[in-house]
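Encoded as structure tokens, the structure appears first; notes follow it.
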Amino acid sequence: YILFKENSQLSGETHTGVTTGFGSIMNSYFNSRGFDDRRNGLFVKSYNLPFERKIPVEVSLYTSDITSRPVVMADLLYKIQSGSKDDVYGVSYRRNQNKINFYAEATYAGDFNEFAGVTKIDTVTGAPLINNGSINIVGGNLLAEWVRDDFNLGAFADVTKIFNFGNEWSIGALFNFAGALSQARSIGINFKFNRFQTSERFISGYFNSNYEIDRYNVSQNSNGAYILNSKALTLDRVLSSTSGYNIGLKILIQDNNRISGDNFKGDFLLDIGYKLNELDSIGNEFNIFMSTPLIFDRVKLNGKFNKTKIQKNQLFAVNENTFVQLEILYKLAEGLALVSNFKQAFTPVYNSQSEVINFTRQKNFDIGFKYIPNF
């Protein structure tokens, strides 16, 4: 759900919450490592198109390889607002007292890579044996929001369907609070909770934060047999319906100059999310994201910790489902930043019985430049 103003994205950070759905396809993927990994992709956004009512539309196209078929995502958000017509969120919405907002959203996501739907391979040659083709997902979200002078309450419902596999529905509630810490700083707190139910073969958040790793990977064990690890295979192995809960907490401390002039140097963001799956074979998911204010007027830090397929007492255990990232932005000039990215994942080491005996660290470090308006 949108906690901040639409035009106040964090500097160099994609964790912006651009859609309404708590379990939204777009939200889960845009706030993931896959967004950064797709450096040769195209990202297009358009807001407030010239219709009778303002309709923010976001369309995105990514390719993990310029020669492979792409992942396509599209989003349409329709807002019906009572009271004032100003589009305001987060700490600035207390200008509009006691109003009700309604949102309707439709999303689509599809992976057209030739291996996106592979669920079985030949263990001798590694060649695909069963391929379900492209993965197509559609979703819809409804939100009713009661806005007061310094807080708002909301209730929502989400429905998502993966064609040829299964579907999910969820209902939940959210709470937003906005207040002043001082004349210079404001705080925004967002808490949300939902209950979800799946049927047939369905995984909540199919395009999750580890999608680039889980998408399609073939390896060999010590006996030379090929082993498939793909998101489609994981989906295909879901044998029964499941249910669970999502819990999320965001804390944003803003420099008040940002509200009037899009100056985000003083922003601090902490975002914590936990997904509890009652089906043990899928496991749970835990995410932490933190972004610091500008340090010494030059440096900004973004950190991320992600853990998927969590079993009992394994929240912080290091394995192939653990991912850590640190991004350092250094201001070179107005709007220009030098970006250093450190990423670390872990690859399992197998014995002759195809049992995991250890994990090898996979480190990735890269440096680049970003143009960031107002940075």
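Residue numbering for the sequence shown follows this note's numbering, beginning at 181 and increasing consecutively.
Glycine included, every Cβ here is placed at the ideal spot set by N, Cα and C.
I'd like to confirm the pairing. Which residues does DSSP put opposite residue i in its beta bridges?
i, result
"Thr305", "Bridge partners of Thr305: none, in fact."
"Gly359", "Ile367"
"Arg375", "Ile351, Tyr425"
"Leu512", "Looking at the DSSP assignment, Leu512 forms no beta bridge with any residue, so it has no partner."
"Ile280", "Trp326"
"Gly319", "Thr287, Thr340"
"Thr540", "Thr527"
"Gly404", "Gly404 pairs with nothing; no bridge assigned."
Between which two residues does the alpha helix (DSSP H) holding residue i run?
i, result
"Asp447", "Unbroken run through Asp447: none, as it is neither H nor E."
For residue i, which of helix, strand or coil comes out of DSSP?
i, result
"Ile415", "Residue 415 is actually Leu in this sequence, not Ile. Leu415 falls in the helix class under three-state DSSP."
"Tyr530", "strand"
"Asp291", "strand"
"Thr243", "Low confidence applies to Thr243: its pLDDT is 47, below 50, so where it sits in the model is not reliable, and the reading given next is rough at best. Correct three-state label for Thr243: coil."
"Glu535", "coil"
"Ser314", "coil"
"Asn409", "strand"
"Glu325", "strand"
"Val252", "strand"
"Ile547", "strand"
"Phe522", "strand"
"Ser264", "The pLDDT assigned to Ser264 is 44, lower than 50, so where the model puts this residue is not dependable; a value taken from the coordinates is nonetheless given after this. Looking at Ser264 - three-state DSSP - the assignment turns out to be coil, as it is neither helix nor strand."
"Ala556", "Since the first residue of the chain shown is 181 and the last is 555, residue 556 is not available in this structure."
"Arg213", "The predicted model places Arg213 with a pLDDT of 46, which falls under 50 and marks its position as unreliable; any figure quoted below should be read in that light. In the structure shown, Arg213 sits in a helix (DSSP, three-state: H, G or I)."
"Arg381", "coil"
"Ala296", "coil"
"Phe202", "In this predicted model, Phe202 has a pLDDT of only 48, less than 50, meaning its place in the structure is not dependable; the value taken from the coordinates is given anyway. Three-state result, Phe202: coil."
"Phe231", "Since pLDDT at Phe231 reaches only 47, below the 50 mark, its modelled position is unreliable, and the value read off the structure follows with that caveat. Residue state, collapsed to three classes: coil."
With respect to the beta strand (DSSP E) encompassing residue i, which residues constitute its N-terminal and C-terminal limits?
i, result
"Tyr386", "Taken as a continuous stretch (DSSP letters only), Tyr386 belongs to no beta strand (DSSP E), as it is neither H nor E."
"Asn397", "396–400"
"Asn332", "331–342"
Next item on the list: Write down every uninterrupted run of the alpha helix (DSSP H) in the region 422–507 whose length is 4 residues or greater and which is fully enclosed by it, in chain order.
Entry: Counting whole runs of 4 or more residues, the region 422–507 contains the alpha helix (DSSP H) stretches 437–441.
Next item on the list: Report yes or no: do the region 526–537 and the region 489–508 share at least 3 C-beta pairs separated by less than 8 Å?
Entry: Enough Cβ pairs lie closer than 8 Å, so yes.
Item checked: the region 393–409 contacting the region 355–366, beta-carbon criterion three pairs below 8 Å -> Note that the region 393–409 does not touch the region 355–366; fewer than 3 beta-carbon pairs, one per stretch, sit closer than 8 Å.
Check: Taking one C-beta from the region 514–524 and one from the region 543–552 each time, how about it: are there three or more such pairs within less than 8 Å?
Finding: Touching, per the Cβ criterion.
Checklist line | Any 3 or more C-beta pairs closer than 8 Å across the region 309–329 and the region 283–301 | finding: These segments touch.
Margin query: Count Cβ pairs between the region 370–386 and the region 420–431 that sit closer than 8 Å; are there 3 or more?
Written below: Taking one beta carbon from each stretch, the region 370–386 and the region 420–431 have 3 or more pairs nearer than 8 Å; the two touch.
Margin query: Between the region 376–387 and the region 346–353, can you find at least three pairs of beta-carbon atoms closer than 8 Å?
Written below: Counting C-beta pairs with one atom in each stretch, the region 346–353 and the region 376–387 have three or more that are closer than 8 Å, which means they touch.
Checklist line | Three or more C-beta pairs below 8 Å linking the region 294–309 and the region 322–335 | finding: The way I'd put it, the region 294–309 doesn't touch the region 322–335; fewer than three beta-carbon pairs between them come closer than 8 Å.
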